[in-house]
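J.: Numbering-wise (this note's numbering), the sequence shown opens with residue 24 and increments by one.
Attaching a single structure in structure tokens format; questions to follow.
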Amino acid sequence: MQAGFCRLPLTFDAPRLLADLARISRDDWHAHFNADYHDGGWTGLALRAVAGSAVALYPEPRPEAAYADTPLLAALPEFGQALARFHCPLHAVRLLRLAAGSRIREHRDYGLGFDQGLVRLHVPLVTGPDVEFYLDGERVAMGAGECWYLDLSRPHRVQNNGTIDRIHLVLDCEVDDWLVSHFPSEAEGAAQRLSPAMVAAAAQSSQRQFEAFRDLVLRDAALLAPLRREEEPTRFSELVVETGRQLGFRFTRDDVASALQAARRAWLERTLVS
């Protein structure tokens, strides 16, 4: 259970849930509260929230009132049936939409984890090969209707490079015996991470494109020199992306930023240990 992610043996009928969701107007979706981490394309609906507030997307870590179903959930019977399959206490339950072409920048969600007694599960409803979810530098390929545990206290980010909006059902669940019984063994979890779908997703990711570009640049002084001269972070990232594009590589500024942050964390860890 210490792995960063794993698939649980629960599946859901994504088309049926989406047909239910079609009852809801797009105007009912609210901007995500973490404005610093996205470019405006991240919105959500609250199905369970503190005191049943339909506009409360923020999962209160120390709520003054109990979590309860929102009026929106009553209008979505298929989602009510889906939630009833989780025989563990549910805190915040949300539908989160990431618009086509939008990004969620790398961040951590604190207060989650087995040691905290609260974990977050994701059920993708609309997704595709152009949606790239990275957890601790590793791409996680999640299919529609699957149920995934993600340790979001670790660095994670999402980029929707596709032409359709990504929609996930996101559930914050109290850890109890029922939930623990649905987690795979360590060997099963390792096999999931080596599945053909996961390996193919990593190989086709924009992060892998960036890594190939980086390896090329580090072997070519002529390519490296102009990048070394640029000290302003934003312009540096833009120059890296543009240089990569000219050489036939496809990656994003978020891939560059994530690599820089990972290098910074590694340097800090070495410094603190030494």
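Backbone N, C-alpha and C fix where the C-beta goes; we use that ideal spot for every residue, glycine too.
Check residue 181 in the structure and name its three-state DSSP category.
T.: Here residue 181 sits in strand by DSSP.
J.: How would you call residue 133, buried or exposed, if buried means at least 16 neighbouring beta carbons within 10 angstroms?
T.: Exposed, by the Cβ-count rule.
J.: Between the segment 82-91 and the segment 164-175, can you find at least three pairs of beta-carbon atoms closer than 8 Å?
T.: Output reads no: the segment 82-91 does not touch the segment 164-175.
J.: With DSSP as the reference, label residue 212 as helix, strand or coil.
T.: Looking at residue 212 - three-state DSSP - the assignment turns out to be helix.
J.: Three-state secondary structure (DSSP) at residue 290?
T.: Three-state DSSP puts residue 290 in a helix.
J.: Any idea if residue 167 is buried or exposed, counting beta-carbon neighbours within 10 angstroms, 16 or more meaning buried?
T.: Flag for residue 167 reads buried.
J.: For residue 182, tell me which candidate among 288, 291, 274, 32 has the shortest Cα-Cα distance.
T.: Nearest option by C-alpha distance: 274.
J.: Take residue 288 and list the residues in its own chain whose beta-carbon comes closer than 7 Å to its own, dropping the five residues that flank it on each side.
T.: No residues qualify anywhere along the chain.
J.: By DSSP, does residue 254 sit in helix, in strand, or in coil?
T.: Looking at residue 254 - three-state DSSP - the assignment turns out to be coil, as it is neither helix nor strand.
J.: Which of the three DSSP states is assigned to residue 203 in this structure?
T.: Helix, per DSSP.
J.: Taking DSSP as the reference, what is the three-state secondary structure of residue 87?
T.: Of the three classes helix, strand and coil, the one that applies to residue 87 here is coil, per DSSP.
J.: For residue 240, which option in 157, 252, 266 has the closest C-alpha, if you only look at C-alpha atoms?
T.: The shortest Cα separation from residue 240 among 157, 252, 266 belongs to 266.
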